[in-house]
Amino acid sequence: MSNKELEQLTIVIDFDSTFTKVEGLDELARIALEGNPKQAEIVGKIREITDKGMTGEYSFADSLRERVALLPANQLHVDQLIAFLKGKISESFKRNKAFIREHADRILIVSSGFKDFIVPVVADMGIAAENVHANTFTYDGEGNITGYDHTNLLSQDKGKVRLLQSLALEGEVFVIGDGYTDYELREAGLANKFFAFTENVSRKAVTDKADFVVPSLDEFLYINGLSRAQSYPKSRIKVLLLENVHPAAVALFTKEGFQVELLKGALDEDELIEKIKDVSIIGLRSKTNLTKKVLEHPNAARLMCVGAFCIGTNQIDLAECENRGIAVFNAPYSNTRSVVELSIGLMVMLTRNIFEKSTKMHAGVWDKSATNSFEIRGKKIGLVGYGNIGTQISVIAEALGMEVYFYDIVDKLALGNAKKCNSMKELLSTVDFVSLHVDGRKSNTNIIGKEEFSWMKDNVIFLNLSRGHVVEIPALVDAIKSGKVWGTAVDVFPYEPKTNDEEFINELRGLPNVILTPHIGGSTEEAQANIGEFVPNKLLQFMNNGSTYGSVNFPELQLPPLENAHRLLHIHHNVPGILAQINNVFAKYHVNIIGQYLKTTEKTGYVITDVSKEYAEDIVNELKLIDNTIKFRMLY
15 MSNKELEQLT IVIDFDSTFT KVEGLDELAR IALEGNPKQA EIVGKIREIT DKGMTGEYSF
75 ADSLRERVAL LPANQLHVDQ LIAFLKGKIS ESFKRNKAFI REHADRILIV SSGFKDFIVP
135 VVADMGIAAE NVHANTFTYD GEGNITGYDH TNLLSQDKGK VRLLQSLALE GEVFVIGDGY
195 TDYELREAGL ANKFFAFTEN VSRKAVTDKA DFVVPSLDEF LYINGLSRAQ SYPKSRIKVL
255 LLENVHPAAV ALFTKEGFQV ELLKGALDED ELIEKIKDVS IIGLRSKTNL TKKVLEHPNA
315 ARLMCVGAFC IGTNQIDLAE CENRGIAVFN APYSNTRSVV ELSIGLMVML TRNIFEKSTK
375 MHAGVWDKSA TNSFEIRGKK IGLVGYGNIG TQISVIAEAL GMEVYFYDIV DKLALGNAKK
435 CNSMKELLST VDFVSLHVDG RKSNTNIIGK EEFSWMKDNV IFLNLSRGHV VEIPALVDAI
495 KSGKVWGTAV DVFPYEPKTN DEEFINELRG LPNVILTPHI GGSTEEAQAN IGEFVPNKLL
555 QFMNNGSTYG SVNFPELQLP PLENAHRLLH IHHNVPGILA QINNVFAKYH VNIIGQYLKT
615 TEKTGYVITD VSKEYAEDIV NELKLIDNTI KFRMLY
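This note's numbering puts the first residue of the sequence shown at 15, with every later residue one more than the last.
Here it is, written out as structure tokens:
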């Protein structure tokens with residue numbers, strides 16, 4: 015919309031549950047009845063009448079009369095309500111305060127509420143009292159509310175319609191509101207468009223009638239091409255969360271105003287290609303593979319970042335994500351303790367043959383015997399992989415009296431009395447327990463096979479809580495049947511069911527002293543809650559601030575908060591001269607650079623520039639057209 019068109023536009027905005035998050039009369043009743051034993055009952059009745067009036071189920075005039083009759087309030091309570099409402103202005107209105115102030119002369123507040131508390135609240139946003147049309151209370155000599163002005167058009171049925179008819183506004187009229195009385199302005203032909211505002215409440219009877227449903231003021235401004243606080247309304251950002259990630263993640267994204275879809279199971283390539291359409295953020299765990307085929311499909315064009323709600327990222331094509339300017343984040347430490355505790359517990363259970371004894375007990379067999387039941391104290395444990403999990407197991411195992419040996423392809427400092435082995439063969443031939451804790455890179459495929467089992471001591475205890483493809487399952491089956499492996503615990507498998515409804519098929523089923531768990535090493539309430547908060551926070555920092563600290567495939571930058579500036583994010587192929595070209599564009603338009611940050615990987619460059627708010631719109635287009643640009647984004 016051009017400035018000229020905006021000059022001919024009047025924006026009519028409702029107050030209750032639109033400009034503010036709450037209904038003013040409801041809150042006035044709550045304040046006035048503080049300490050009254052019937053507070054909940056009376057406030058509930060007022061809210062019930064409010065809702066019926068807002069959805070058109072109830073005559074508005076009757077609704078207003080009955081609500082005020084239930085209201086034992088005075089001027090002091092109104093003053094308290096004003097202070098309360100100033101803290102309840104809708105988030106998107108607060109974000110766009112600059113727009114409201116700049117165009118306050120084109121904005122009318124038309125409300126069935128009361129000027130007594132509306133005028134002081136909207137005044138803080140730059141809207142003059144003469145632009146507020148609402149009811150007014152009547153008071154007695156002691157300041158008690160006795161009723162309201164019944165001659166006011168807004169106290170009557172079709173009040174808003176009658177008011178706008180009396181105003182005879184010229185030019186286009188757009189209405190933003192959450193109630194049926196707001197839609198009636200469109201129905202009566204007094205408004206060109208009705209925007210159902212759903213940031214605080216959504217009423218189907220209202221949204222069904224709307225020209226547009228807007229979850230925020232940003233969305234309204236975006237639709238109409240008006241200046242807004244967010245370069246891209248958060249309500250237009252779609253988040254796809256797979257594999258039943260923790261509810262904390264859903265709550266965090268929803269609180270930000272994003273559109274969130276949660277699926278319980280994993281998706282295959284074709285299913286993911288279908289679901290990823292228009293998605294900006296995807297969250298997944300270990301069973302969904304984000305492949306090149308998915309990433310290069312046109313449906314994935316809007317994807318900006320990926321969250322792995324787990325430790326590993328081998329299910330994600332990191333290189334292709336980087337090539338497309340998509341940042342990937344994971345949770346490298348959030349479930350470490352859970353995996354460690356399960357590993358220790360499984361070792362004890364296998365050494366004591368607990369699983370077999372428990373199965374017999376359930377069958378009614380009492381097998382009290384110490385035969386083939388041992389302590390883990392004094393035994394030797396061999397850790398294949400000495401990262402976050404391996405080192406924690408090392409410390410706890412040593413505290414339990416075990417001798418710790420480890421092997422890692424990367425040179426690692428031994429903790430406590432742990433002993434480093436120089437080869438896999440040296441480790442496997444030395445220890446009584448073997449526990450795998452390696453990552454999921456392709457080079458680790460079948461690192462434990464027939465030959466490696468042959469190096470192990472007889473009657474070894476074997477655990478795999480790392481990745482399913484690192485062990486050759488037929489070789490493990492043979493080792494169990496031959497007696498080489500006395501007991502084993504496996505939590506991860508080369509193929510795992512996508513949902514709980516799919517049958518688990520594996521050769522290890524039914525073998526003696528074998529504990530099989532369904533990839534639950536990190537599946538504790540504590541771990542999932544940690545992951546459910548950690549990963550979304552990383553994704554939100556990237557989306558809201560541009561920070562990439564903690565990314566596994568992207569130049570890492572920890573950025574300061576954005577204050578009184580616009581932030582321009584430029585992702586490009588790492589070739590010489592890009593920064594110079596970016597700064598030449600700024601120089602051409604005499605833009606003041608407040609701050610600039612650059613970080614690169616071998617393939618990718620990431621330049622963040624904070625500029626003053628006065629700049630030419632042509633700058634954005636020129637920055638996007640720089641050769642080797644991958645993605646460009648702007649934050650307000």
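For every residue, glycine included, the Cβ atom is placed at its ideal position computed from N, Cα and C.
Problem - Extent of the continuous beta strand (DSSP E) to which Gly501 belongs - result: 499 to 504
Problem - Helix, strand or coil at His311 according to DSSP, with G and I counted as helix - result: coil
Problem - Rounded separation between Gln555 and Asp65 - CA only - result: 37 Å
Practice task
Assign Val194 to buried or exposed, taking buried as 16 or more other Cβ atoms, counted over all protein chains shown, within 10 Å of its Cβ.
Solution key: The question names Val, yet the displayed sequence has Tyr at residue 194. The residue is buried, with at least 16 neighbouring Cβ atoms inside 10 Å.
Practice task
Assign Arg109 to one of three DSSP states: helix, strand, or coil.
Solution key: helix
Exercise for the section: Would you kindly work out how many angstroms separate the C-alpha atoms of Glu105 and Thr165, rounded to a whole number? Expected result: 34 Å
Exercise for the section: Let me know the secondary structure DSSP gives Val228 once reduced to three states. Expected result: strand
Exercise for the section: Note the first and the last residue of the continuous alpha helix (DSSP H) segment covering His91. Expected result: 89 to 100
Practice task
Tell me whether Ser126 is buried or exposed, calling it buried when 16 or more other Cβ atoms sit within 10 Å of its Cβ.
Solution key: buried
Handout entry: Where Val124 sits in the DSSP three-state scheme
Key = strand
Exercise for the section: Could you have a look at Ile622 and say whether DSSP puts it in helix, strand or coil? Expected result: strand
Practice task
Could you give the DSSP three-state label for Phe29: helix, strand or coil?
Solution key: helix
Practice task
Below 8 Å on the Cβ atoms is my guess for Lys617 versus Glu336; work out the distance and round it to an integer in Å.
Solution key: 6 Å
Problem - Residue burial classification, Ala541 (beta-carbon count within 10 angstroms, cutoff 16) - result: buried
Problem - Alpha carbon of Phe507 to alpha carbon of Cys319, nearest angstrom - result: 28 Å
Problem - DSSP three-state assignment for Ile596, whether helix, strand or coil - result: helix
Practice task
Would you mind working out which of Leu240, Gly191, Asn214 sits nearest Ala224, comparing C-alpha positions?
Solution key: Gly191
Problem - Closest residue to Thr643 among Tyr650, Asn635, Leu649 (Cα-Cα distance) - result: Asn635
Practice task
Could you please give me the residues that DSSP links to Ile319 through a beta bridge?
Solution key: According to the sequence provided, residue 319 is Cys. The question's Ile does not apply to it. Ile295, Ala341.
Exercise for the section: Could you tell me which of Gly430, Ser449, Lys218, Phe420 sits nearest to Glu440, measuring between CA atoms? Expected result: Phe420
Handout entry: Tyr611, DSSP secondary structure in three states
Key = strand
Problem - One or two residues paired with Asn478 in a DSSP bridge - result: Leu450, Val504
Problem - Local Cβ density within 10 Å of Arg81, reported as buried at 16 or more and exposed below that - result: buried
Practice task
Report yes or no: do the stretch 436 to 451 and the stretch 392 to 402 share at least 3 C-beta pairs separated by less than 8 Å?
Solution key: yes
Exercise for the section: Enumerate in chain order the residues of its own chain whose CB-to-CB distance from Phe131 is below 7 Å, with the five nearest sequence positions on each side excluded. Expected result: Gly38, Val92, Leu95, Ile96, Leu99
Problem - For Gly396, the three-state DSSP class (helix, strand or coil) - result: strand
Handout entry: Proximity of Lys291 and Glu270 at Cβ, strictly below 8 Å
Key = no
Practice task
Give a single yes or no on whether Ala265 has its beta carbon closer than 7 Å to a heavy atom of the ligand COA.
Solution key: Of the ligands one can find in the structure shown there are none, so the ligand COA has no counterpart to examine.
Practice task
May I have a chain-ordered list of the alpha helix (DSSP H) segments no shorter than 4 residues that lie completely inside the stretch 348 to 382?
Solution key: 350 to 365, 368 to 376
Practice task
Only counting runs of 3 or more residues, tell me where the beta strand (DSSP E) segments fall wholly within the stretch 512 to 585, in order along the chain.
Solution key: 528 to 530
Problem - Host beta strand (DSSP E) of Thr160 (start-end) - result: 159 to 162
Handout entry: Inter-residue CB distance, Ile56 and Ala43 (contact presumed, cutoff 8 Å)
Key = 6 Å
Problem - Nearest-angstrom Cα separation, counted from Ile407 out to Asp422 - result: 14 Å
Practice task
Tell me whether Arg455 is buried or exposed, calling it buried when 16 or more other Cβ atoms sit within 10 Å of its Cβ.
Solution key: exposed
Handout entry: Asn149, enclosing beta strand (DSSP E) - first and last residue
Key = 146 to 149
Practice task
Check the C-beta distance from Ser414 over to Ile390 and give it rounded, since I have them as a contact under 8 Å.
Solution key: The amino acid at residue 414 is misidentified as Ser; the sequence shows Leu. Rounded, the Cβ-Cβ distance is 6 Å, consistent with contact.
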